[in-house]
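Residue numbers (the working numbering), protein chains in the order written: chain X, 27 to 539; chain L, 27 to 539.
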């Protein structure tokens, strides 16, 4: 077998059996090997940001990597923004990037690029295979790197001749180091703070946002009287009725500071000290007062669940009942469509097990209170701030969980970056309902202008508005094979969402707000 | 004035008065400054690949840089693929990339990224301003770098506090070093080869493809009996009736080798030794035989026109008449639409002064013979091999040359990468006719599969085909505000193209081939 086939067989044997692709000439032998190897499903994206975003969504839901297949430096570059998001989400991904044959690189052909240089800013591990014999071993190492907790981006660069030359065979994935356990000192320090009688907040992130960890954190909160919150942007939160479902730290700096001002201790559990998304003149970067001390129970790459169990033992909090959400759904709205009424409809209608992929930006800040009493569901949020994430992420989540409904919420501005994802949803008949908040503007930027103290005129505003011409989402979705409907009343939205939840396959709702 | 305003004023004073933008929070003060400074036109793109591709097209037509305004590392990353193309085209571009405030970077907020690391693979010059006082000077240096012949990519990273803090004022663009003159040794060496009586080829690239340089090269060819060719991918060729219009070196390796096999000397004039786009098993990387000696008259970054004049003097070739193209147009076709009939229609109808932005890939390999007898026009070709170039490039070319018709030719696969360019064309009412060769496949990859000796099955083919579902280009264009028509007969195409050439504003023709 050739190097490409040895890699595909190594991936499948190592449990990486989904490959999101946008291949080119350098990846031909990898593609050809797909027909000789059972067990690898390849899914085409028409733009690489779709490919890497889908791998992010897949990794978030599976806790195990998909592969991507990308064409040389520029193909990787097109996927970098969503790899940035994936790296901040600590999603596991194995990138395979085709490169010129080793002997061709020196000739500076048009596609010659510094692929490792492009890869490093968004990768935890990068390697260029140098011979066909090393490809399988390098691929196995990439899987191990990607699977290292909580999840990492491994990028393997595959020169064309290492793909087409004869290889030795398949490689085994090496042992993956387990995550670090909490230290006794850290557990004691956190327990002391929680017993101090001073106001404490538990701040949860990453693995601490799964239902089992939330349950323990909820017990600790009840036992000690601590408040409990999550990071603003979390890769995946299990939440809803029966689950401990904390609120998020607010995005807006003044709101966050008002919240944290009274606390003297913040216990970081799979979370980092909260910082402002952006700096603003005269406002602090760190969202807690100097009078609040932080205590790290365990970082995101440690055994967060084990640390919580240990802390609960230390605090004798195991027999306490946490505050779980009650099953409560909001009523449906009527009349003019507003973002509140969209939130109500989502809260009223969301099916159990739904995966909500949320890039609704300003339009979605009301969603959390309206949905926390819904049946259990997952919420995927932006972690890296690069927009154009949700449509691809939702695509990957739907591949990962074919029996669950995916609800993708996107601002119109955000959705335009990676709109090609709709075609992949149509091709694979993925069960994704996309709601576009069509406000014809980068709404967040109007607020940010004020926040940074800039004084905008009409030319500046023109750079933040998407009207002139208005986008027609129904036409664009139809053009890529996805059925769609435009609605501008609450009743219309309610009907469209109910119908979409009650059928299978991709559907898009253009919500005029 | 603040740092942002000092930069905008420096750009305008330095002749950079077009800014293609996709801004975010970090760029607010730059946007706000636009309303206080006359003379800067900002053009919004809904994806950064549109922004950088438009700057490439603008730079190719103007020989002077536009600015781009991009949002932090991921925003730059989305523009990297078309910056790769622009760098290989040696287009002048000044990128302005917003960054977190200097003091905020250490806090690792979501958008924190290694911006310099992302910039370097596609930039000739990168700098991060460290204070508001240095922003104007750094901006002036960026302009000088971008304008250094033949054109370079300068990337200036602007932390938010350097934009909002008080600055000193406007800076002058420093002196730009002139391009190197040819050496006497190089001119003599080339002249000796051309006088040797052995078969010689003049290979032209970059600045040698403008009409004045082509005229001189044409005289030298007639005087010495040398053949004359251009590189396969050239950033901008002036060609057509009355102009010396050489054929290109073929893309296909065997065809290129068959052409070059009989030559003993190749004179490189603004061109590099021709190499294969990709390596293929058992085929060489370099497209000339060992028996052919190369002679560098002048590299692309040297004074190519001056070198040609000197060589013509040396060869006493100034009184010779070169072979200029005759005005000859093909007849219109009829019946079933084919790529030949599209080429005929373009050749028959193309208006004088047309700018053809060509990413037609396999569908367009016939275009050159059909169009070389058209009235004078410019042809913009891919230089970096990253697809998704033509729609943005055409957008920028239309901004640069509002009085000229732009004809954008794109494969359907290519156009999907940066389809958002259509919206910018609609917003700015740009005079661009886009022809989509809708063959529902990455057609080139079927050929490449055979070329690399891979043996594909149905799963591999599925990764190269864009059917299931078919894309509807009329709906997608309409959804972004661009009128469009689908045609599947030669008569229909002829009518649609004639109508588009005879009206102003953006229009898209979906050509079913």
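Virtual Cβ for every residue (Gly too), placed ideally from N, Cα, C. Computed from a predicted structure; not experimentally measured.
Sequence-distant residues of its chain with Cβ nearer than 8 Å to residue i (five each side left out)
{"i": "residue 5 (chain L)", "result": "Outside the displayed range of chain L (27 to 539) lies residue 5 (chain L), so it cannot be described from this structure."}
{"i": "residue 56 (chain X)", "result": "30, 33, 34, 49, 95, 122, 124, 184 and 189"}
{"i": "residue 344 (chain X)", "result": "245 and 338"}
{"i": "residue 497 (chain X)", "result": "438, 442, 464 and 466"}
{"i": "residue 491 (chain X)", "result": "466, 467 and 468"}
{"i": "residue 156 (chain X)", "result": "128, 185 and 188"}
Segment limits, alpha helix (DSSP H) that includes residue i
{"i": "residue 100 (chain X)", "result": "98 to 115"}
{"i": "residue 536 (chain L)", "result": "Careful: residue 536 (chain L) lies outside any alpha helix (DSSP H), inside the beta strand (DSSP E) at 533 to 538."}
{"i": "residue 60 (chain X)", "result": "54 to 60"}
{"i": "residue 141 (chain X)", "result": "141 to 145"}
{"i": "residue 523 (chain X)", "result": "516 to 527"}
{"i": "residue 84 (chain L)", "result": "74 to 88"}
Range of the contiguous beta strand (DSSP E) that encloses residue i
{"i": "residue 487 (chain X)", "result": "First-last for residue 487 (chain X): 484 to 488, but that is the alpha helix (DSSP H), not the beta strand (DSSP E)."}
{"i": "residue 468 (chain X)", "result": "Note, residue 468 (chain X): premise wrong, no beta strand (DSSP E); not H, not E."}
{"i": "residue 460 (chain L)", "result": "458 to 464"}
{"i": "residue 37 (chain L)", "result": "Unbroken run through residue 37 (chain L) is the alpha helix (DSSP H), 29 to 39; no beta strand (DSSP E)."}
{"i": "residue 124 (chain L)", "result": "119 to 125"}
{"i": "residue 154 (chain X)", "result": "151 to 154"}
{"i": "residue 46 (chain L)", "result": "44 to 48"}
{"i": "residue 227 (chain L)", "result": "226 to 230"}
{"i": "residue 70 (chain L)", "result": "67 to 70"}
Contacting residues, own chain, Cβ-Cβ under 7 Å from residue i (five flanking each side not counted)
{"i": "residue 138 (chain X)", "result": "126 and 131"}
{"i": "residue 346 (chain L)", "result": "245, 248 and 249"}
{"i": "residue 481 (chain X)", "result": "none"}
{"i": "residue 400 (chain X)", "result": "266, 267, 355, 373 and 376"}
{"i": "residue 176 (chain X)", "result": "116, 232, 233, 326 and 327"}
{"i": "residue 517 (chain X)", "result": "360"}
{"i": "residue 192 (chain L)", "result": "28 and 158"}
{"i": "residue 40 (chain X)", "result": "166, 169 and 199"}
{"i": "residue 385 (chain X)", "result": "408, 413, 415, 416, 435, 436, 437 and 440"}
Outcome for residue i when other beta-carbon atoms lying within 10 angstroms are tallied against a minimum of 16
{"i": "residue 377 (chain L)", "result": "exposed"}
{"i": "residue 557 (chain X)", "result": "What the structure shows of chain X is the stretch from 27 to 539, and residue 557 (chain X) is not part of that stretch, so it cannot be assessed."}
{"i": "residue 514 (chain L)", "result": "exposed"}
{"i": "residue 281 (chain X)", "result": "exposed"}
{"i": "residue 328 (chain X)", "result": "buried"}
{"i": "residue 308 (chain L)", "result": "exposed"}
{"i": "residue 173 (chain X)", "result": "buried"}
{"i": "residue 520 (chain L)", "result": "buried"}
{"i": "residue 317 (chain X)", "result": "exposed"}
Neighbourhood of residue i by C-beta distance below 6 Å, restricted to the same chain and skipping five residues each side
{"i": "residue 259 (chain L)", "result": "407, 408 and 409"}
{"i": "residue 213 (chain L)", "result": "336, 337 and 340"}
{"i": "residue 236 (chain X)", "result": "264"}
{"i": "residue 369 (chain L)", "result": "392, 393 and 396"}
{"i": "residue 319 (chain L)", "result": "291"}
Q: Determine which residues of the segment 437 to 463 of chain L have a Cβ less than 9 Å from any Cβ of chain X, and write them out in chain order.
A: 439, 442, 443, 444, 445, 446, 449, 452 and 453
Q.
To be precise: take each residue of the segment 293 to 310 of chain X, compare its Cβ to all Cβ atoms of chain L, and keep it if any distance is under 9 Å. Which residues remain?
A. 298, 299, 301, 302, 303, 304, 305, 306 and 307
Q) Taking Cβ-Cβ distances below 8 Å as the criterion, which residues of the segment 108 to 119 of chain X are in contact with chain L? A) 110, 111 and 114
Q: Output, in sequence order along the chain, the residues in the segment 170 to 191 of chain L whose CB is closer than 8 Å to any CB in chain X.
A: 186, 187 and 190
Q: Return the chain-ordered ranges of every beta strand (DSSP E) run that is complete within the segment 306 to 382 of chain X and spans a minimum of 3 residues.
A: 319 to 324
Q: With a floor of 4 residues, list each alpha helix (DSSP H) that falls wholly inside the segment 234 to 311 of chain L, ordered by position along the chain.
A: 237 to 250 and 279 to 286
Q) What beta strand (DSSP E) runs, 3 residues minimum, are completely inside the segment 383 to 454 of chain X? A) 403 to 407 and 432 to 437
**Q.** Near-chain X residues of the segment 79 to 99 of chain L (beta-carbon distance less than 8 Å), N- to C-terminal order
**A.** 98 and 99
Q.
Give the list of continuous alpha helix (DSSP H) stretches no shorter than 4 residues that lie fully inside the segment 489 to 514 of chain L.
A. 499 to 505
Q. Hey, which unbroken runs of the beta strand (DSSP E) at 3 residues or more fall wholly within the segment 174 to 217 of chain L?
A. 179 to 185
**Q.** Contact residues within the segment 211 to 240 of chain L, judged by C-beta distance below 7 Å to chain X
**A.** none
(Q) So if I threshold CB-CB distances at 9 Å, which residues from the segment 499 to 512 of chain X count as touching chain L? (A) 499, 500, 501, 502, 503, 504, 505, 506, 507 and 508
Q) Of the residues that make up the segment 252 to 277 of chain L, which ones have a beta carbon closer than 9 Å to any beta carbon in chain X? A) 258 and 259
**Q.** Members of the segment 477 to 489 of chain X near chain L, C-beta cut-off 9 Å
**A.** 477, 478, 479, 480, 481, 482, 483, 484, 485, 486, 487, 488 and 489
Q.
Any C-beta of chain X within less than 8 Å: which residues of the segment 39 to 54 of chain L qualify?
A. 47, 49, 50, 51, 52 and 54
Q: Identify each residue in the segment 405 to 416 of chain X for which the Cβ-Cβ distance to at least one residue of chain L is less than 8 Å, and report them in chain order.
A: 408, 409, 410, 411, 412 and 414
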